[in-house]
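Visitor: Going by numbering that gives the first Met the number 0, the letters in the sequence shown line up with residues 0 to 93, in that order.
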Amino acid sequence: MGNLEEKVKNVIESEINVKLLEHDGWVELVRIEGDVANVRFRGACSSCGSTQDTLDTVLKPSLTAIDGIRDVRMISDVSEELLMFARSLMTHRG
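(1) What does D70 pair with, by DSSP beta-bridge criteria?
(2) Please confirm whether V35 and L28 have their CB atoms less than 7 angstroms apart.
(3) Can you tell me the Cα-Cα spacing of S46 and W25, whole angstroms?
(4) Give me the DSSP bridge partner(s) of F84.
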């Protein structure tokens with residue numbers, strides 16, 4: 000497989016999200032900075048109180064097994080997609 004981003008996305012889709020989708024959630028790769036994969040929890044996982052545990056026990060072991068990834072960090076800021084949705088609701092108020 001090609002570059003590091005492709006490898007990380009493949010593991011996320013084929014291993015991690017398969018597990019998380021059982022709980023109506025998933026994770027997405029936001030970006031890779033150096034040897035750190037930055038991910039965002041989505042769906043039911045975005046509001047789950049166990050995200051840190053999931054990060055530590057599911058994501059980190061799977062993704063740090065990829066040559067070139069040393070750590071995995073959770074991005075917890077509001078996504079641009081959610082901001083756009085909120086803005087659209089505000090502009091359509093009666």
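All residues carry an ideal CB built from backbone N, CA and C; glycine is no exception.
Only a predicted model underlies this, so the values are computations on that prediction, with no experimental measurement involved.
Guide: Straight from the coordinates:
(1) V35
(2) no
(3) 11 angstroms
(4) F84 is not bridged to any residue.
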